[in-house]
Amino acid sequence: MAVTTYHAEHGTLLERFFERNRGPLLVSPALAVLVIMNIFPLLWSFGLSFYRYRANRIKEPEFVWFKNYQKVLTDPVVWERFQTTAIVVTVDVLLQLVVGFLLALLFEKTFPGRRVLLMLVLTPMMLSFVAVGAFFRYYYEPTFGLLSQGIKAITGEPFILLGSEVGALAGIIFADVWMWSPFVMLLVLAGLVSVPKHLYEAAEIDRASWWRRFWTITFPYIRGLLLLAILFRTIEAFKLFDIVFLITEGGPGTSTETIAVYVYRVAFQYFKTSQSAALGYILLFVVIVLTNLYLFFVRRRDVEDA
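Below you can see the structure in the form of structure tokens.
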């Protein structure tokens, strides 16, 4: 009888425990995976950035404080890669905003074949980076690429786009703009379709110009979405690796080697593991700064609107 009572009370305690902690218990497997796959590697690599360690040598790590960060921040090569990355990010994001905005204005109107054309325009952002990189590498290929053959048919001479620094940067930027302008278009289009129609009707009655209607009616509805697009695309362009590595591998020379490609080389080609970890956390710091700048402008806009 006592044993039966003990089991009943024990079962009741377990039931109460699971009942009170049902939420945390349901979330705990996801949290465990997050810790194992994300948080632990981040903490491990952050600690490793304070040691002298190379993955290709059997030697115990040596604690060196901030020397890896000092080497990275005083390395002129790193600043050259940052300059290249800044050029790519600035031109890339600006073109994506312009192209995405123009596409949104196009698809705001209803016309025959709109759905089919919209699906075709959205296709690039659904492709993998490998597929896009391989496609444009063959597209720019000087012997049988479509671009070279098309220009050769006009000028009679082969065209090598990736043979110069400006051409290689243009090829990379064009590929990324082609892939991600539809993302900007979707955000802007969401803002455009949310503008009340009666505001446009009132503006037409007042005979307001197109620019006046855009600045006073349309832009306030899409301003937040444009800022969001700038944030997302700036962060992703700052980390641009796949397309650069697949199309030019950082060439010609190192003229198109972005900071993300340089981190890869330091880690997996030069095997300077600790320095690559330090550089990676510097990149993380830059991304955090960009995110906080975005949040600052958003809060400032909210205060002005209030």
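Counting in the working numbering, the sequence shown runs from 53 upward without gaps.
Cβ coordinates follow ideal geometry from the N, Cα and C atoms, glycine included.
- Following the DSSP letters along the chain, one finds R265 inside the alpha helix (DSSP H) bounded by residues W262 to R265.
- Setting aside the 5 residues that flank it on each side, L77 is surrounded in the same chain by F70, each with a C-beta closer than 8 Å to its C-beta; the list follows chain order.
- Taking the Cα of I334 as reference, the smallest distance to any Cα among Y316, K119, Y103 and V124 is reached at V124.
- The alpha-carbon separation between L221 and L179 amounts to approximately 21 Å.
- With respect to N108, F323 sits close: the two C-beta atoms are nearer than 7 Å.
- With a contact defined as Cβ atoms closer than 8 Å, Y314 and R133 qualify at about 4 Å.
- In this chain, the alpha helix (DSSP H) harbouring T286 covers F271 to F290.
- Counting along the chain, L213 sits inside no alpha helix (DSSP H), nor does DSSP assign it H or E at all.
- In this structure, the straight-line span from the alpha carbon of F266 to that of K119 is close to 53 Å.
- Rounded to the nearest angstrom, the Cβ distance from L149 to I282 is 7 Å, consistent with a contact under 8 Å.
- Note on I299: 16 or more other CB atoms within 10 angstroms of its CB, so buried under the neighbour-count rule.
- Taking 8 Å as the upper bound for CB-CB distance, V87 and F102 are not in contact here, some 21 Å apart.
- For the 7 Å CB-CB criterion, E217 and S307 form a contact.
- Residue burial is scored here from C-beta neighbours: P248 has fewer than 16 other C-beta atoms within 10 angstroms and is therefore classed as exposed.
- Nearest C-alpha to Y273 among W232, E301, R259 and R353: R353.
- Taking one beta carbon from each stretch, the stretch 251 to 269 and the stretch 328 to 345 have fewer than 3 pairs nearer than 8 Å; the two do not touch.
- For R104, the pairing in a beta bridge is given by DSSP as E114.
- For F163, the three-state secondary structure derived from DSSP is coil.
- Spatial neighbours of V229 in its own chain (CB-CB distance under 8 Å, excluding positions within 5 residues in sequence) are listed in chain order as D144, L147, Q148 and V151.
- M177 is not a Cβ neighbour of F271, given a cutoff of 7 Å.
- Under the three-state reduction of DSSP output, Q201 falls in the helix class.
- If you check the CB distance, T136 and T310 come in under 7 Å.
- Of the candidates G302, L65, V168 and E288, the residue whose Cα lies closest to the Cα of M231 is E288.
- In the three-state DSSP reduction, G332 falls in the helix class (H, G or I).
- Comparing alpha carbon positions, the residue from F349, L172, L251 and I225 closest to I139 is I225.
- Counting only residues of its own chain and dropping the five nearest sequence neighbours on each side, F188 has a CB closer than 6 Å to the CB of A227 and I299.
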